[in-house]
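Undergrad:
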Amino acid sequence: MSALELLEDLSDADAEEILAWAYRTFPRVALVASFQAEAMVLIDMACRIVPEPEVLTLDTGRLHEETHRYIEQIRSEYPIRLRILSPDAAEVEAMTGRNGNMQFRQSIALRNECCAVRKVNPLAAALRDYDAWITGLRREQTPTRAETPVVAEDPGHGNITKIVPLAAWSRSDVWDYLAGHGISHHPLYDLGYTSIGCAPCTRATSPGEDERAGRWWWEGDSEKECLLHPPIDAGGLSALRGRRVSVLTEPGRSALPTSRRQ
Ligand code: SF4
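Going by the numbering used here, the first residue of the sequence shown is number 32, and it counts up by one from there.
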């Protein structure tokens, strides 16, 4: 397939087509999942495309008990190969030795350090084993995600390809997909959570609050990011291993929900 054909293909592609392209194109693909609603859309789609998609999840050591139980439930329901990534024990011990077990409440810098040790570093180490990774980000989740490309080189992870099939999806698109396919959801959604991360850093939200307002809520107007997804330059086409792929930034241009394709 020529570069132009590939570009046109992805420009009109929906989320399933983008996923199928990813699994066709790259030998080693990691679907990185926190087992929130978006991840379940991607896991469901991936299992329809390839026999046993490889799913990576981060066990930060601070997750809700409900998250562990839900992951086990999904592991029994879907034919995924699950890699549970843990932080480096020595890094955690050094960090907690300096500042204790609740340093994230002291400052954004210390919160970022905790996220780096428990999330960013383990993911970065694991992604060295892959050519591409898939994530369930959506542009409307935060202002910092508003320009998220569907496909781009990821300079933070050795320039492997980062694929964001749900970039243009709305929250209701996600929940419509789960309902339409009979997919269960993380139990904390039923307790008012609208975004689910580590237990001490996530609370339920109130009606009308931003969906990520419950993450690091004590920080007020911080960016609500843990540096897993630093902004990626989406200035044009990227050359990837002799192949060019589209870098799409306009919401609605691609990754349309399946329900909108007719
Ligand atoms: Fe640490 Fe909180 Fe980040 Fe989890 S979300 S890694 S507990 S700062």
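Idealized CB from N, CA, C, for every residue including glycine.
1) Only counting the same chain, and skipping five residues up and downstream in sequence, which positions put a Cβ closer than 7 Å to that of Leu222?
2) Of the choices Asp160, Gly187, Arg246, Asp252, whose alpha-carbon is the least far from that of Leu259?
3) Give me the Cα-Cα distance between Asp217 and Arg106, rounded to the nearest whole angstrom.
4) So, is Met133 buried or exposed, given that buried needs 16 or more other C-beta atoms within 10 angstroms?
5) Please classify Ser65 as buried or exposed, where buried requires at least 16 other C-beta atoms within 10 Å of its C-beta.
6) Does the segment 226-245 come close enough to the segment 89-105 that 3 or more CB-CB pairs lie under 8 Å?
7) Closer than 7 Å to a non-hydrogen atom of the ligand SF4 - does that hold for the CB of Thr91?
8) DSSP beta-bridge partners for Ala163?
9) What is the DSSP secondary structure of Ile214, counted as helix, strand or coil?
10) In terms of DSSP beta bridges, what is Glu184 paired with?
11) Quick one: which unbroken alpha helix (DSSP H) runs of 4-plus residues sit fully inside the segment 43-125? Chain order, please.
12) When burial is assigned at 16 or more other CB atoms within 10 Å of the CB, is Ala140 buried or exposed?
13) Pull up the distance between the alpha-carbon of Ser203 and that of Thr56, whole angstroms please.
14) With a threshold of 16 other CB atoms inside 10 Å of the CB of Ile115, please say whether the residue is buried or exposed.
15) Where does Gln172 land, buried or exposed, given buried means 16+ other C-beta within 10 angstroms?
16) In the DSSP assignment, the alpha helix (DSSP H) including Pro153 goes from what residue to what residue?
17) Quick check on Leu41: does DSSP put it in helix, strand or coil?
18) When you compare only the Cα positions, how much space is there between Arg142 and Arg246?
19) Going by other Cβ atoms of all chains shown within 10 Å of its Cβ, with 16 needed for buried, is Asp185 buried or exposed?
20) Would you decide whether Gly167 is buried or exposed? Buried here means 16 or more other CB atoms lie within 10 Å of its CB.
21) Please indicate yes or no: does the CB of Phe135 lie closer than 7 Å to some heavy atom of the ligand SF4?
22) At what residues does the alpha helix (DSSP H) containing Cys145 begin and finish?
23) Around the C-beta of Trp164, are 16 or more other C-beta atoms found within 10 angstroms, so that it is buried, or is it exposed?
24) Is the Cβ-Cβ distance between Val86 and Leu113 less than 8 Å?
25) Taking Cβ positions, are Val148 and Pro118 nearer each other than 8 Å?
26) Is any beta-carbon of chain B found at less than 8 Å from that of Asp252?
TA: Based on what the coordinates show:
1) In the sequence shown, the residue the question calls residue 222 occupies position 191. Excluding sequence neighbours, Leu222 sits near Ala235.
2) Working through the sequence shown from its first residue, we reach residue 259 at position 228. Among Asp160, Gly187, Arg246, Asp252, the Cα nearest to that of Leu259 belongs to Gly187.
3) Within the sequence shown, the letter at position 186 stands for residue 217. Within the sequence shown, the letter at position 75 stands for residue 106. In the sequence under discussion, the amino acid at residue 217 is His, which differs from the Asp named in the question. Answer to the nearest angstrom: the Cα atoms are 13 Å apart.
4) For the purposes of this step, residue 133 is identified with residue 102 of the sequence shown, where counting begins at 1. Flag for Met133 reads exposed.
5) Working through the sequence shown from its first residue, we reach residue 65 at position 34. Ser65 should be labelled buried.
6) yes
7) Mapped onto the sequence shown, residue 91 falls at position 60. Checking every heavy atom of the ligand SF4 against the Cβ of Thr91, one is found closer than 7 Å.
8) On the sequence shown, position 132 is the one that residue 163 refers to. Bridge partners of Ala163: Val60, Thr192.
9) As a first step, residue 214 is located in the sequence shown; it is residue number 183 there, counting from the start. Correct three-state label for Ile214: coil.
10) Position 153 of the sequence shown holds residue 184. Beta-bridge pairing links Glu184 to Thr192.
11) 46-56, 68-80, 96-108
12) As a position in the sequence shown, residue 140 is number 109, starting the count at 1. Exposed.
13) Counted from its first residue, the sequence shown places residue 203 at position 172. Counted from its first residue, the sequence shown places residue 56 at position 25. Answer to the nearest angstrom: the Cα atoms are 30 Å apart.
14) Position 84 of the sequence shown, counted from the start, is the residue given in the question as residue 115. Looking at its Cβ environment, which holds fewer than 16 other Cβ atoms inside 10 Å, Ile115 is exposed.
15) As a position in the sequence shown, residue 172 is number 141, starting the count at 1. Gln172 comes out buried.
16) For this step, residue 153 is matched to residue 122 along the sequence shown. 152-158 is the span of the alpha helix (DSSP H), which, as asked, contains Pro153.
17) Numbered from 1 along the sequence shown, position 10 holds the residue referred to as residue 41. Three-state DSSP puts Leu41 in a helix.
18) Residue 142 sits at position 111 when you count from the first residue of the sequence shown. Residue 246 sits at position 215 when you count from the first residue of the sequence shown. Distance between the alpha carbons of Arg142 and Arg246 is about 12 Å.
19) For the purposes of this step, residue 185 is taken as residue 154 along the sequence shown, with counting starting at 1. Buried.
20) Walking along the sequence shown from the start, residue 167 turns up at place 136. So Gly167 ends up on the buried side.
21) Walking along the sequence shown from the start, residue 135 turns up at place 104. It does: the Cβ of Phe135 is within 7 Å (strictly closer) of some heavy atom of the ligand SF4.
22) The residue given as residue 145 occupies position 114 in the sequence shown. Where Cys145 is concerned, the enclosing alpha helix (DSSP H) stretches over 139-146.
23) As a position in the sequence shown, residue 164 is number 133, starting the count at 1. Buried is the call here.
24) Sequence index remark: in the sequence shown, residue 86 carries index 55 (1-based). Sequence index remark: in the sequence shown, residue 113 carries index 82 (1-based). Yes, these two residues count as a Cβ contact at 8 Å.
25) In the sequence shown, the residue the question calls residue 148 occupies position 117. In the sequence shown, the residue the question calls residue 118 occupies position 87. For Val148 and Pro118, yes; Cβs fall inside 8 Å.
26) Chain labels in this structure do not include chain B; a single protein chain is all it has.
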